[in-house]
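I have placed the structure first, in the form of structure tokens, so that the comments after it can refer back to it.
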Amino acid sequence: MDKNLLLYKKLIKNKGYEFTIQKRILLLEMINANTHLSVKQIYERIKDKNVGLATVYRSLKIFGELGIVKKINVDNINYYEIKIFSGKPLHVHFKCDKCNSIIDVDNLEQDLSYIKLNKKIEEKNDLEIYDVDIMLKGLCSKCKGG
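Structural data, given as structure tokens:
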């Protein structure tokens, strides 16, 4: 069994939830998708495996409460992704306005700059920041050329 799947199974069971075959199918689909998926997209991918739409909604709610998945809202549509337990307080996404793809933007320099800014904001305002989402919009490399 996938190392991450074992971690998620243990977390789900330790919080008093059953780790059903449907939850396993949903998690594996999200792990293997390696992209952001809407409920509709998830359901379309796993409906032939005897997983109902209501089960997808219930499972995503549980996964969100447990910190397994992260929900991002783009143009009033919720997308879900497996949350990486890196403790990284910055997560940058890019949405292409033409093809609607959502891309994770990773950049070490940007992350280091953010960490410095984060510390200043926390110190100046006596806050503790633990999560930041940034959504960039424009045209992806495929669409900007065409």
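Residue numbers for the sequence shown follow this note's numbering, so the first one is 1 and each next one is one higher. Using N, Cα and C, we set each Cβ at its ideal position, and we do this for glycine too.
Residue nearest to residue i in terms of C-alpha spacing, selected from the options
| i | options | result |
| --- | --- | --- |
| Asp97 | Lys71, Lys144, Gln110 | Lys144 |
| Tyr130 | Asp106, Asn107, Phe63, His91 | His91 |
| Gln110 | Ser101, Asn14, His93 | His93 |
| Arg24 | Leu60, Ser113, Leu37 | Leu60 |
Nearest-angstrom Cα separation, counted from residue j out to residue i
| i | j | result |
| --- | --- | --- |
| Ile44 | Leu5 | According to the sequence as given, residue 44 is Glu; it is not Ile. Rounded to whole angstroms, Glu44 to Leu5 spans 21 Å at the Cα level. |
| Leu11 | Tyr80 | 18 Å |
| Asp106 | Ile21 | 33 Å |
| Asp2 | Asn125 | 42 Å |
| Cys140 | Gly16 | 42 Å |
| Ile68 | Lys83 | 5 Å |
| Lys13 | Lys142 | 42 Å |
Chain-order list of residues whose beta-carbon lies under 7 Å from that of residue i (same chain, five-residue window excluded)
| i | result |
| --- | --- |
| Glu128 | Glu122 |
Enclosing beta strand (DSSP E) for residue i [first to last residue]
| i | result |
| --- | --- |
| Lys137 | 132-138 |
| Glu81 | 77-82 |
Chain D within 8 Å of residue i, Cβ atoms only
| i | result |
| --- | --- |
| Tyr130 | No chain D appears in this structure, which consists of one protein chain only. |
Residue i: first and last residue of the uninterrupted alpha helix (DSSP H) it sits in
| i | result |
| --- | --- |
| Cys99 | No alpha helix (DSSP H) holds Cys99; DSSP gives it neither H nor E. |
| Lys142 | 141-144 |
6 Å Cβ shell around residue i - same chain, five flanking residues per side excluded
| i | result |
| --- | --- |
| Ile134 | Val92 |
Own chain, CB closer than 8 Å to residue i, minus 5 neighbours either side, in chain order
| i | result |
| --- | --- |
| Val39 | Leu53, Val56, Tyr57, Leu60, Asn78, Tyr80 |
What beta strand (DSSP E) runs, 3 residues minimum, are completely inside the segment 4-75? 69-74
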